[in-house]
Amino acid sequence: MRGMSRRSTTKGGRARGLLQGVAFFATLAVVWEGSVRIFDIRSYLLPPLSDVIKEVIASRALLWQHGIITFNEVVLGFIAAAISGVMMAALVFFVPIARRTVYPLLIGLQSIPKVGLAPLIIVWFGYGLNSKVIMSFLFAFFPIVISTLGGLAGTPEHLEEHFRALRASRWVTFWKLRVPSALPSFVDGCKVAMPLAVIGAVVGEFVGSNDGLGNLILLATGSSRSSLTFAALGAVTAMSLALFAVVAGFGRLVWWRAQS
Amino acid sequence: MVASAIVSATEFPQAREPVIELRSVSKTYGAADGVKALDGVSFDVHEQEFVSILGPSGCGKSTLLRAIAGLTAFDGEGLSVGGQPVVEPMDDVGVVFQSSNLLPWRTVEANLRLGAEIRRETPDPQRMTAMLEMIGLSGFENRYPHELSGGMRQRVAIGQALVRNPKVLLLDEPFGALDALTRDKLNFELLRIWQAEKKTVVLVTHSIPEAIFLSDRVVVMSDRPGRLLEDVRIELPRPRDPKSTRTSADFGKYVVRLGELMGVQ
Chain D
28 MRGMSRRSTT KGGRARGLLQ GVAFFATLAV VWEGSVRIFD IRSYLLPPLS DVIKEVIASR
88 ALLWQHGIIT FNEVVLGFIA AAISGVMMAA LVFFVPIARR TVYPLLIGLQ SIPKVGLAPL
148 IIVWFGYGLN SKVIMSFLFA FFPIVISTLG GLAGTPEHLE EHFRALRASR WVTFWKLRVP
208 SALPSFVDGC KVAMPLAVIG AVVGEFVGSN DGLGNLILLA TGSSRSSLTF AALGAVTAMS
268 LALFAVVAGF GRLVWWRAQS
Chain Z
527 MVASAIVSAT EFPQAREPVI ELRSVSKTYG AADGVKALDG VSFDVHEQEF VSILGPSGCG
587 KSTLLRAIAG LTAFDGEGLS VGGQPVVEPM DDVGVVFQSS NLLPWRTVEA NLRLGAEIRR
647 ETPDPQRMTA MLEMIGLSGF ENRYPHELSG GMRQRVAIGQ ALVRNPKVLL LDEPFGALDA
707 LTRDKLNFEL LRIWQAEKKT VVLVTHSIPE AIFLSDRVVV MSDRPGRLLE DVRIELPRPR
767 DPKSTRTSAD FGKYVVRLGE LMGVQ
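Just so you know, the sequences run in chain order D and Z.
Counting from 1 along the first sequence, just add 27 to a position and that's the residue number in this note's numbering.
Counting from 1 along the second sequence, just add 526 to a position and that's the residue number in this note's numbering.
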């Protein structure tokens, strides 16, 4: 009813949709493999897909070892961003002084290119986990604050009035009205923030690290092992998609939209 | 003939106690020289009476209802519900708005429970069941608002206002967003509920037939700033019936009369 895309609801329609998707990606794979072979592209420029798949299998232990590192950075950074993002949004929404002081500061900080901050973060927090968690946090924090704030402010006025008519206290109105009506926006923010958290961690690893998938990409590229570069890229992408799916899964629990 | 059938309300002495008393209620938006929405409105609503406030859009009738509900400040000599001056929303008053009051993340049953929950009370399960039956939604208690039709949603909203058993029910164009057929149907249901629950009801509407069909009295208001034009007693016999009441000659006369007052004819 409120889905943006039309979903095929019949069994046959769903099967056909799946088939179309599979056919499309199979075609892409064939084009990749075929064009590398036909045009004889050198493998350090673009390895054939089959080499990348072989590399993934051969280096799976390596990918897993670095993947876990990046995964931890991303998850810690994201959770920190989600918790503090909600608290910041509530602070800005409920405390007028914060709206006039902290909020403009926040908007200003958001305008700093966070990639440019990475070297500084490495200097401040070292080569290890902390600096990557903070990079991941920085990327994920703002979208969550902004969307949660939008959700809190977007509580339908007629429902607020209804709560006043029912003599609800501010506290009850917060928990029973504002929080549930802001939840879908919070989830939207999380969906934007999740892939950004991955980017943040990888950028941090690029700038200074001893391990992690970003580090692996740099090492592989530096030693012209393009197939490993692609394998690591694939691993980052797969992680990003999987984490997004988890967030979207939780998001399905808050399916409603409070209409004004 | 018309004059004998339609008599001004003041000519009938009221046996029952006034529950809602308005004395010269005014409301100005903005500063003192701002837009005047209400200008010295006075009338009483008696116990178990059904009174409609009828007027064109923007005449301040919703503002008047929100003043009675304690949701908006006003000027004037006074406004009391159950002998208490209105300064804030009261426990004894249930309100239903045009846009449904329902929380989209709560089921029908959980929406009915909301008022009790806010008061940290345990809702009486018998009352809940009876209310679901009363609003004709037994079996729908676990549905969400978006799964219901507009008419069903408004029935839940009415049930939500009534389930705590308030003395007074205030309705702000509760059927305004519904199609004509559903509206007529819900009018009849509202009448049935009102008779069963014995509430004092104030209904804001801009529908002349709706006001006549439901009310003991219709308070007709002028265009902005809202003034009380006339307080018309509806002398149609009860119980009223959708078919015979609406087709009666007297019903037609009231339609003409209220139409004249509102400047339709």
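Ideal Cβ positions, reconstructed from N, Cα and C, are used throughout, including at glycine.
Nothing here was measured: the structure is a model prediction, and the numbers come from that model.
Alpha-carbon spacing of residue i relative to residue j, whole angstroms
i: Glu-652/Z; j: His-189/D; result: Contrary to the premise, residue 652/Z reads as Gln rather than Glu in this sequence. About 25 Å.
i: Gly-584/Z; j: His-732/Z; result: 10 Å
i: Glu-603/Z; j: Ile-661/Z; result: 38 Å
i: Val-545/Z; j: Gln-624/Z; result: 24 Å
i: Asn-713/Z; j: Arg-592/Z; result: 22 Å
i: Val-274/D; j: Gln-680/Z; result: 35 Å
i: Phe-98/D; j: Ala-108/D; result: 15 Å
i: Phe-576/Z; j: Ala-116/D; result: 46 Å
i: Gly-784/Z; j: Pro-765/Z; result: For clarity, residue 784/Z is Leu in the given sequence; the question names Gly instead. Rounded to the nearest angstrom, the two C-alpha atoms are 22 Å apart.
i: Leu-744/Z; j: Gly-676/Z; result: Checking the displayed sequence, the identity of residue 744/Z turns out to be Val instead of Leu. If you take the alpha carbons of Val-744/Z and Gly-676/Z, they lie about 26 Å apart.
i: Thr-145/D; j: Phe-166/D; result: The sequence given here places Ala at residue 145/D; Thr does not occur at that position. The straight-line gap from Cα to Cα measures roughly 11 Å.
i: Ser-741/Z; j: Asn-627/Z; result: 24 Å
i: Pro-735/Z; j: Val-781/Z; result: 7 Å
i: Met-474/Z; j: Thr-726/Z; result: Outside the modelled stretch of chain Z, which goes from 527 to 791, sits residue 474/Z, for which no answer is possible.
i: Thr-536/Z; j: Val-746/Z; result: Only weak support exists for where Thr-536/Z lies, its pLDDT of 43 falling under 50; the coordinates are left without a value.
Bridge-paired residues (DSSP) for residue i
i: Leu-754/Z; result: Met-747/Z
i: His-572/Z; result: Pro-544/Z
i: Lys-553/Z; result: Leu-564/Z
i: Arg-759/Z; result: Arg-743/Z
i: Gly-785/Z; result: DSSP lists no partner for Gly-785/Z.
i: Asp-601/Z; result: Ser-552/Z
Given residue i as reference, the closest of the options once Cα atoms are compared
i: Ile-684/Z; options: Arg-669/Z, Met-747/Z, Leu-716/Z; result: Leu-716/Z
i: Ala-563/Z; options: Val-622/Z, Met-657/Z, Ser-748/Z, Leu-787/Z; result: Ser-748/Z
i: Gly-178/D; options: Leu-240/D, Phe-105/D, Phe-121/D, Leu-210/D; result: Leu-210/D
i: Arg-669/Z; options: Asp-617/Z, Pro-765/Z, Gly-785/Z, Glu-635/Z; result: Glu-635/Z
i: Gly-608/Z; options: Lys-725/Z, Gly-676/Z, Glu-547/Z, Leu-787/Z; result: Glu-547/Z
i: Arg-750/Z; options: Arg-639/Z, Gln-721/Z, Met-654/Z, Leu-590/Z; result: Leu-590/Z
i: Ala-224/D; options: Ala-265/D, Phe-213/D, Val-160/D, Val-214/D; result: Val-160/D
i: Glu-543/Z; options: Lys-693/Z, Gly-641/Z, Ile-719/Z, Val-782/Z; result: Lys-693/Z
i: Ala-595/Z; options: Phe-739/Z, Val-730/Z, Arg-753/Z; result: Val-730/Z
i: Phe-121/D; options: Gly-278/D, Leu-176/D, Arg-41/D; result: Leu-176/D
i: Gln-686/Z; options: Gly-620/Z, Ala-557/Z, Pro-582/Z, Gly-556/Z; result: Gly-620/Z
i: Leu-580/Z; options: Phe-777/Z, Gln-721/Z, Asp-757/Z, Asn-637/Z; result: Asp-757/Z
i: Ser-664/Z; options: Gly-560/Z, Asp-618/Z, Thr-655/Z; result: Thr-655/Z
i: Pro-170/D; options: Phe-105/D, Ser-267/D, Ala-125/D; result: Phe-105/D
Residue i in three-state terms, based on DSSP
i: Gly-30/D; result: Here the model assigns Gly-30/D a pLDDT of 42, short of 50, so the residue's position is not dependable, and the following value carries that caveat. Three-state result, Gly-30/D: coil.
i: Gln-610/Z; result: strand
i: Ile-68/D; result: coil
i: Gly-596/Z; result: coil
i: Ser-626/Z; result: coil
i: Leu-580/Z; result: strand
i: Gly-61/D; result: helix
i: Thr-182/D; result: coil
i: Asp-776/Z; result: helix
i: Gly-586/Z; result: coil
Contact with chain B by residue i, beta-carbon distance below 8 Å
i: Ala-224/D; result: No chain B appears in the structure shown, which is made up of the protein chains D and Z.
- Note down, one range per segment and in chain order, each beta strand (DSSP E) of at least 3 residues found wholly within the segment 198-262 of chain D. Correct list: empty.
- Item | Any beta strand (DSSP E) of 3 or more consecutive residues that is wholly inside the segment 104-176 of chain D | List check, beta strand (DSSP E) in window: nothing returned.
- Message: Quick check on the DSSP output: what are the complete beta strand (DSSP E) runs of length 3 or more inside the segment 682-746 of chain Z, in order along the chain?
- Response: Segments of the beta strand (DSSP E) lying fully in the segment 682-746 of chain Z: 694-698, 726-731.
- Task: With a floor of 4 residues, list each alpha helix (DSSP H) that falls wholly inside the segment 618-665 of chain Z, ordered by position along the chain.
- Result: Correct list: 634-644, 651-660.
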